[in-house]
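Novice: The UniProt record's numbering puts the first residue of the sequence shown at 1, with every later residue one more than the last.
Don't be surprised by glycine CBs; every beta carbon is placed ideally from N, CA and C.
Here it is, the structure in full.
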Amino acid sequence: MVATFKIAVLGAQGVGKSAIVRQFLYNEFSEVCVPTTTRRVYLPAVVMNGHVHDLQIMDFPPITAFPVNTLQVGSRRDLGEWADVCCRGLRSVHAYILVYDICCFDSFEYIKTIRQQILETRVIGTSETPIIIVGNKRDLQRGRVIPRWNVSNLVKKTWKCGYIECSAKYNWHILLLFSELLKSVGCARCKHVHTTIRFQGALRRNRCTIM
Numbered sequence: 001m002v003a004t005f006k007i008a009v010l011g012a013q014g015v016g017k018s019a020i021v022r023q024f025l026y027n028e029f030s031e032v033c034v035p036t037t038t039r040r041v042y043l044p045a046v047v048m049n050g051h052v053h054d055l056q057i058m059d060f061p062p063i064t065a066f067p068v069n070t071l072q073v074g075s076r077r078d079l080g081e082w083a084d085v086c087c088r089g090l091r092s093v094h095a096y097i098l099v100y101d102i103c104c105f106d107s108f109e110y111i112k113t114i115r116q117q118i119l120e121t122r123v124i125g126t127s128e129t130p131i132i133i134v135g136n137k138r139d140l141q142r143g144r145v146i147p148r149w150n151v152s153n154l155v156k157k158t159w160k161c162g163y164i165e166c167s168a169k170y171n172w173h174i175l176l177l178f179s180e181l182l183k184s185v186g187c188a189r190c191k192h193v194h195t196t197i198r199f200q201g202a203l204r205r206n207r208c209t210i211m
């Protein structure tokens, strides 16, 4: 079991991925949408089933393409993750959260492309990194563009990924998302049917770096 679980949060502009992170960390939501332009790294600790787990949550701005493995491109390191400071650390995480807006078809196509690129650039022989697909803005479900059953069926049966819908605005299923995520990365102590999660209060705030 790793000492710190590294998590990457990806999604198109305006899907609410940063709002999900801030709701999880600080229990707050802002109606003002501020585009993510740089990679933000948060270092919270959570308590699950009586055990403390350190997290490194990386909130990435929208990327045009998932960075390729530098070993695959040889000396052309300009094609790898180190070419763009916003992509640094993206290939070395333990889990991916891919967020889309249930009211925006293009945002689903975006995470569909990113997921495929993650699979295509994964180093052969390495263990599979868990991916959880998140449909945000459930509170606006009347404007949903793809039926929930269709997405859930595709993600779970075809993509073999986890799927959760949430509302960052109303803090609905936010804790469930992160508890399921910790289970997916192989945290043995988290694999109970009734998992509880809370923050280690003293470590909760003031642990964010912007890079």
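Roughly how many angstroms separate the alpha carbons of ARG39 and ARG91, rounded to a whole number?
Specialist: Cα-Cα distance, rounded: 14 Å.
Novice: Compute the Euclidean distance between the alpha carbons of LEU140 and VAL15, then round it to the nearest angstrom.
Specialist: Cα to Cα, LEU140 sits roughly 12 Å from VAL15.
Novice: Does the beta-carbon of TYR170 have 16 or more other beta-carbons within 10 angstroms, so that it is buried, or is it exposed?
Specialist: Exposed.
Novice: By Cβ distance, which residues of its chain are closer than 8 Å to GLY125, with the 5 residues on each side in sequence left out?
Specialist: Low confidence applies here, because GLY125 scores a pLDDT of 49, under 50, leaving its location unreliable and the question unanswered by this model.
Novice: Quick test of the definition: if touching needs 3 or more C-beta pairs under 8 Å, does the segment 4-22 touch the segment 99-113?
Specialist: Touching, per the Cβ criterion.
Novice: Please report the residue range of the alpha helix (DSSP H) in which ARG22 lies.
Specialist: That run of the alpha helix (DSSP H) goes 17-26.
Novice: Spell out the partners DSSP gives LYS6 in its beta bridges.
Specialist: According to DSSP, LYS6 bridges with GLN56.
Novice: Run through DSSP, which three-state label would VAL34 get?
Specialist: VAL34 falls in the coil class under three-state DSSP.
Novice: Would you mind sorting GLN116 into buried or exposed? The rule is 16 or more other CB atoms within 10 Å of its CB.
Specialist: Flag for GLN116 reads exposed.
Novice: Evaluate HIS173 with the Cβ neighbour count: other Cβ atoms within 10 Å of its Cβ, from every protein chain shown; 16 or more gives buried, anything less gives exposed.
Specialist: It is buried - the Cβ of HIS173 has at least 16 other Cβ atoms within 10 Å.
Novice: Note down, in chain order, each residue of its chain lying with its Cβ closer than 6 Å to the Cβ of residue 216, except the 5 sequence neighbours on either side.
Specialist: For residue 216 there is no data in the structure shown, the boundaries of the chain being 1 and 211.
Novice: By Cβ distance, which residues of its chain are closer than 6 Å to PRO35, with the 5 residues on each side in sequence left out?
Specialist: If we look at PRO35 and ignore the five residues flanking it on each side, its Cβ neighbours are GLN13.
Novice: Among LEU181, ILE63, PRO62, GLN23, which has the Cα closest to the Cα of ILE131?
Specialist: Looking at the Cα atoms, LEU181 is the closest of the given residues.
Novice: Closest to GLY143 by C-alpha separation, out of ASP101, CYS161, ASN27, would be which residue?
Specialist: Here the closest residue by C-alpha is ASP101.
Novice: Is the beta carbon of PHE178 closer than 7 Å to that of ILE114?
Specialist: Not closer than 7 Å, so no.
Novice: Taking the C-alpha atoms as reference points, what is the distance between LEU55 and ARG22?
Specialist: Straight-line Cα distance between these residues: approximately 14 Å.
Novice: So HIS51 and ALA45 are supposed to be a Cβ contact under 8 Å. How far apart are they, rounded?
Specialist: Going by Cβ atoms, the distance from HIS51 to ALA45 rounds to 11 Å, so no, they are not a contact pair.
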